[in-house]
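J.: Residue numbers for the sequence shown follow UniProt numbering, so the first one is 1 and each next one is one higher.
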Amino acid sequence: MSTIYVEEAGLVGIEGPSEELLNLLTDTEEKLKVVSILGFGGLGKTTLAKQVYDEIRGKFECTAFVSVSQRPNMTGLLYRIQLKLGMNRSSRVYEVQDIIEDLRQYLTHKRYLIVVDDLWDQSAWNTISRAFPENANGCRVIVTTRVEGVAYGACYGHPECIYGMKPLGEKDSKKLFLHRVYGCEEDHPSQLEDISTEILKKCGGLPLAIITIASLLASHPEELRDEWKSIRNSLGTQFAANPTLEGMKNILNLSYIHLPLHLRACFLHLGIYPEDREIERDDLVRQWSAEGLVNKLHGQDSEVVAKSYFNDLINRSLIQPGRTEDGELVSCRVHDMMLDLILSKCEEHNFLRVECNSEDIARDH
1 MSTIYVEEAG
11 LVGIEGPSEE
21 LLNLLTDTEE
31 KLKVVSILGF
41 GGLGKTTLAK
51 QVYDEIRGKF
61 ECTAFVSVSQ
71 RPNMTGLLYR
81 IQLKLGMNRS
91 SRVYEVQDII
101 EDLRQYLTHK
111 RYLIVVDDLW
121 DQSAWNTISR
131 AFPENANGCR
141 VIVTTRVEGV
151 AYGACYGHPE
161 CIYGMKPLGE
171 KDSKKLFLHR
181 VYGCEEDHPS
191 QLEDISTEIL
201 KKCGGLPLAI
211 ITIASLLASH
221 PEELRDEWKS
231 IRNSLGTQFA
241 ANPTLEGMKN
251 ILNLSYIHLP
261 LHLRACFLHL
271 GIYPEDREIE
281 RDDLVRQWSA
291 EGLVNKLHGQ
301 DSEVVAKSYF
311 NDLINRSLIQ
321 PGRTEDGELV
331 SCRVHDMMLD
341 LILSKCEEHN
351 FLRVECNSED
361 IARDH
């Protein structure tokens, strides 16, 4: 019954945005330059930032990619920046200002590239940015955010340094959809062409929406045309014309509704993890087994079964792939919009109660 992780197709529709962002970042400007990626949740801001970061990081002495979250613990966040940059973490208890001074001293004469992902408010940026010294070494910082005022403030009022994410066009939307459902663009049943087109229109060009719905459809046999119609009808029509948070929640909720019961509890269990946390697969499957969330089949070890659950959730795009080691996926992340769904379902079903504060949200392992 083993379910394996099926790697998704390569990035779709990212070539143009990547080139534009690279042009902003690789000019000859020697002063510190901050570029903001602005866009609605699910448009692929983090994906774009990671693509560009991986492409140019070799040109910098030190690099870091960190996620902020809605309620960041600044001490933990700044410590993570230190670790990503390769700095030694002091055993002493430091205040925020102490860590900022250490970072400034370390970075002063270096050419650095730092990505600050998922920034929500200006006050967090005001603190983080104090750690980035001005120098003439061609340093670059990339910020991703959904908030226009934050994007503008991070760029110090330079609108030319804001890259606005746009939904995928019809061609790229279809390419992403077909790759996720069928594994290729060419080989797909003609009897589902009309339904596929209507479903795509309802996704509004948002990659997260397309991937989520395509992954759901991929789990339904092609001959069940009525099920595809049912999913199409469940999407409504308002999202295509005006992508909104509520419309996106509707799409994510649809994937939850179609989850097999044995996966629902494991999916909701992810609500215990803070936002933007990289979750180790082995830790997760041990917890699922210990909590009795895994059905033992044919005498198989519960952790073997739990790993198949993990891969199934990945393949359904309900959790996102993290690190791979020796070709095997060993960690995952939960998109913040998916985490919102998980927490609302936990409350609705009284599955678990998550009590947290800002320190819980960003605590470091």
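Even glycine gets a Cβ: it sits at the ideal position worked out from N, Cα and C.
All of these numbers come straight from a predicted model, not from anything done at the bench.
Just confirm the distance between the C-beta atoms of L107 and F132, as a whole number of angstroms; I'd bet it's less than 8 Å.
T.: That pair is a contact at about 7 Å.
J.: What is the rounded straight-line gap between the Cα of T144 and the Cα of I319?
T.: Each residue's alpha carbon lies about 20 Å from the other.
J.: So, using beta-carbon positions, are T63 and I99 closer together than 8 Å?
T.: No, they are not a contact pair.
J.: Assign Q82 to buried or exposed, taking buried as 16 or more other Cβ atoms, counted over all protein chains shown, within 10 Å of its Cβ.
T.: Looking at its Cβ environment, which holds 16 or more other Cβ atoms inside 10 Å, Q82 is buried.
J.: D117 bridges to which residues according to DSSP?
T.: Beta-bridge pairing links D117 to S67.
J.: Please state whether the Cβ-Cβ distance between H158 and N135 is less than 8 Å.
T.: Not closer than 8 Å, so no.
J.: For the region 340 to 351 against the region 47 to 63, do three or more pairs of beta-carbon atoms, one drawn from each stretch, fall closer than 8 Å, so that the two count as touching?
T.: The region 340 to 351, when compared against the region 47 to 63, does not touch it at the 8 Å Cβ threshold.
J.: Can you list, in chain order, the residues of its chain whose CB lies under 7 Å from that of G42, leaving out five sequence neighbours each side?
T.: Once the five neighbours on either side are set aside, the close Cβ partners of G42 are L206, P207, L208, A209, M248, M337.
J.: State the Cα-Cα distance for the pair G76 and G183, rounded to the nearest angstrom.
T.: Distance between the alpha carbons of G76 and G183 is about 40 Å.
J.: Out of curiosity, what's the CA-to-CA distance linking V330 and I314?
T.: Straight-line Cα distance between these residues: approximately 11 Å.
J.: Hey, is S123 close to the ligand ZN, as in C-beta under 7 Å from one of its heavy atoms?
T.: This structure lacks the ligand ZN; in fact it carries no ligand of any kind.
J.: Return the residue from the list N126, I56, D283, T26 that minimises the CA-CA distance to A154.
T.: The shortest Cα separation from A154 among N126, I56, D283, T26 belongs to N126.
J.: Can you list, in chain order, the residues of its chain with a C-beta nearer than 7 Å to that of L24? Leave out the 5 residues immediately preceding and following it.
T.: Contacts found: V35, C161, Y163.
J.: As a quick exercise: from Y112, L178, I195, pick the residue whose alpha carbon is nearest that of G138.
T.: Of the candidates Y112, L178, I195, the one whose C-alpha sits nearest the C-alpha of G138 is Y112.
J.: Just to confirm the assignment, what range does the alpha helix (DSSP H) spanning V35 have?
T.: Unbroken run through V35 is the beta strand (DSSP E), 33 to 38; no alpha helix (DSSP H).
J.: In the structure shown, what three-state DSSP assignment does L329 receive?
T.: Reduced to three states, the DSSP call for L329 is strand.
J.: What number of angstroms, rounded off, separates the C-alpha of D68 from the C-alpha of D118?
T.: According to the sequence shown, residue 68 is Val rather than Asp. V68 and D118: Cα-Cα distance of roughly 6 Å.
J.: Among K166, R277, K296, Q122, whose alpha-carbon lies nearest the alpha-carbon of G16?
T.: It is K166 whose Cα lies nearest to the Cα of G16.
J.: On the three-state DSSP scale, how would you describe P321?
T.: P321 falls in the strand class under three-state DSSP.
J.: Work out the CA separation of I251 and Q238 for me, nearest whole Å.
T.: Note that Q238 scores a pLDDT of 49, beneath 50, so its modelled location is shaky; the value from the coordinates is reported in the next line. The straight-line gap from Cα to Cα measures roughly 12 Å.
J.: With 16 as the cutoff for other CB atoms within 10 Å, does L176 come out buried or exposed?
T.: So L176 counts as buried.
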